[in-house]
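Start counting the sequence shown at 64; every next residue gets the next number (our numbering). Backbone N, C-alpha and C define an ideal beta-carbon position, used for all residues, glycine too. To keep things clear, I will list the structure first and then write my remarks on it.
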Amino acid sequence: MKRLLLAFSVVAVLWSSACNGGNGIVNPPPPVGKYGKASLNGQYAFVTNGEVFAGTVVNPLARVGSFTADGAGNITGGIEDVNEASVGVTPAIAITGGSYTVNADGRGTLTLQLAQTSIDFGITLTSINDGLMIDETSNANQSSTGSGNFVKQNAGSFQVSGIAGPYVFDFPGLDANNNPESFIGEFTANAGAITSGFFDDNVNGTFSNGPFIGTIAQDPLQVSTLTSFGRGVALIAGQNYVFYIVDATRVRFISTNGGMLSGDAVAQSNTVPTSVSSINSSFVFIVAGSSGSGGITRVGRFTANGATVTAVLEDTNDGGHFIKTNTTTAASISLDAANPGRGTFTFTDQNFPNAPSTFVFYLSSATQGVIQEQTANKGGAVDVADGTIAAQTGSPFATSNITGTYALSWSGLSVQNGGGFSVQDEEDLLGQVTVSSLNLNGAADIFQFQSGLPVFDLVASGSISIKGDGTSSTSSNRNTMTVKLVKGNSTTVNFVVYFVNPQLAFFMNNQDANRTVAGILQTQQ
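Rendered as structure tokens:
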């Protein structure tokens, strides 16, 4: 069972044929923008989730680490921890060097040199402090893919005491038996001790929750990695992790003793609502994961005014089966008084009147949090899905404020041609587009994993249709985004898009039964 992971049919042979022979190859125009090699300068903590070829077998793969860029195109050092399903953890792999490029539009490449091999990424900067990335490694030693991001680290926070106060976390992935797992919650840390915490866990449709305690510490086997890279070890609800400190507000984790979980813990502010009477906003949410049909994505919105919930919309891609939710009943929201920021959101979907849709969320602020689906049974097997919930701001959305340069990224599954048969496998895309008059123009890389080869510098174009509320509140229409990709041959992917604010939108494909992908459109700063 495939597990889509968010930090999300054109068979792969289409792209490989587009790259051969030089017939009709179309390249994007020269990049224009404000970025360059000097824009990437300092230490950055990165995380990716995807797949790797292990001989003839494809295994899920997660990596978390830190690299140092010198502002001139060189990687001067770093370290990473890798967790490969069915294989286990390879800890503290030294990054001995490497190189990178950054074009004017923020797109570029990143190569990290390891002792025995190198790994390659495509990157798109969203600012000088962060960016999106996809694993594009395809060499004699390894073929791997995956989506993720990198964030600039603050070395002044590289100490155990720097992780202090309450944090909200989302660690999706696999359990020790390679079952899909969603593990979210919150904890409070103080001087190396996790003094309290609460979690919600979904392992292949089996739900559990409860309190926990734990520890945050330097790695006794790699003591120097804490002060050098912000790396240490943690025990959370009985599970061992390696962590990388970004700063006092964000810490990246990867599990190390069975299973493959990874993700971020984000500091919880004191602005989280303590009663539903203080909630008065519209929210957008996106979740991705697995279902009985394979991969699943959901994107939706609702308006909460106290305990009253209205205007619930949801779009679902369940393994290529598309469901539009326009009418709901019994919608409600509640907060857990014992665990600040934790709450539930529930509604009954007209498509599944006997299976109320239920989500649990943990807010890290009044406007941001993580969310996990907990619907008992919605037309099949229980889903294992989680993601992000965020308050909508900046409306009305229109041509005037949806404009400028954006990073474009999606990840998920597509039906691909592998050795004469079709298989549903990883697809990752990363690019940059300029939005003007709701038209998109830019460039992107795509890696459909069964082909084993990334395709670089596709011409990306398209358009957005949008209503003032950012989603379209009518039952017959949704806001949409169309992306056409050209590199000799071409394909067009159609999406439903929900705007969180003029700088950020969540989207998922709502046509093409052979693809289940979701992603973000995020403005460049």
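Shortest Cα-Cα distance from residue 280 to any of 298, 488 and 465 involves 298. By the Cβ test, the region 316 to 330 is not in contact with the region 347 to 358, since fewer than three Cβ pairs between them sit closer than 8 Å.
Closest by C-alpha distance to residue 367, out of 388, 313 and 339, is 339. Residue 88 and residue 237 have their alpha carbons spaced roughly 40 Å apart. Ranked by Cα distance from residue 445, the options 186, 269, 179 and 227 are led by 269. Excluding sequence positions up to five before and after residue 424, its CB lies within less than 6 Å of the CB of 406, 432, 434 and 452, all in the same chain and listed in chain order. If you check the CB distance, residue 422 and residue 533 do not come in under 8 Å. Take residue 200, set aside five residues on each side of it, and the residues of its chain with a beta-carbon closer than 6 Å to its own are 182, 183 and 207, in chain order.
Under the Cβ criterion (8 Å, minimum of three pairs), the region 207 to 220 counts as touching the region 105 to 114.
For residue 290, the uninterrupted alpha helix (DSSP H) segment begins and ends at 288 to 292. The secondary-structure analysis by DSSP pairs residue 559 across a beta bridge with 543 and 571. Residue 387 is bridged by DSSP to 378. Residue pairing by DSSP leaves residue 309 without any beta bridge partner. Non-local C-beta neighbours of residue 467 in its own chain, meaning closer than 8 Å and more than five positions away in sequence, comprise 497, 498, 586 and 587, ordered along the chain. In the DSSP assignment, residue 276 falls outside any beta strand (DSSP E), carrying neither H nor E. Beta-bridge annotation (DSSP): residue 425 is paired with 405 and 433. Shown here for residue 187: same chain residues with a beta carbon closer than 7 Å to its own, the five before and five after excluded, namely 169, 170, 194, 195, 470, 493, 494 and 495 in chain order. A direct Cα-Cα distance of roughly 47 Å separates residue 335 from residue 202.
DSSP, read as helix, strand or coil, puts residue 512 in helix. Counting of Cβ neighbours within 10 angstroms places residue 517 among the buried residues, the total reaching 16 or more.
The beta carbons of residue 142 and residue 294 sit about 6 Å from each other, so the pair counts as a contact at 8 Å.
Here residue 362 has 349, 378, 561, 569 and 571 as same chain residues with Cβ atoms under 6 Å from its own Cβ, once five neighbours each way along the sequence are excluded. Taking C-beta atoms as the reference points, residue 506 and residue 91 count as a pair closer than 8 Å. Scanning 555, 114, 474 and 289 for the CA closest to the CA of residue 150 turns up 114.
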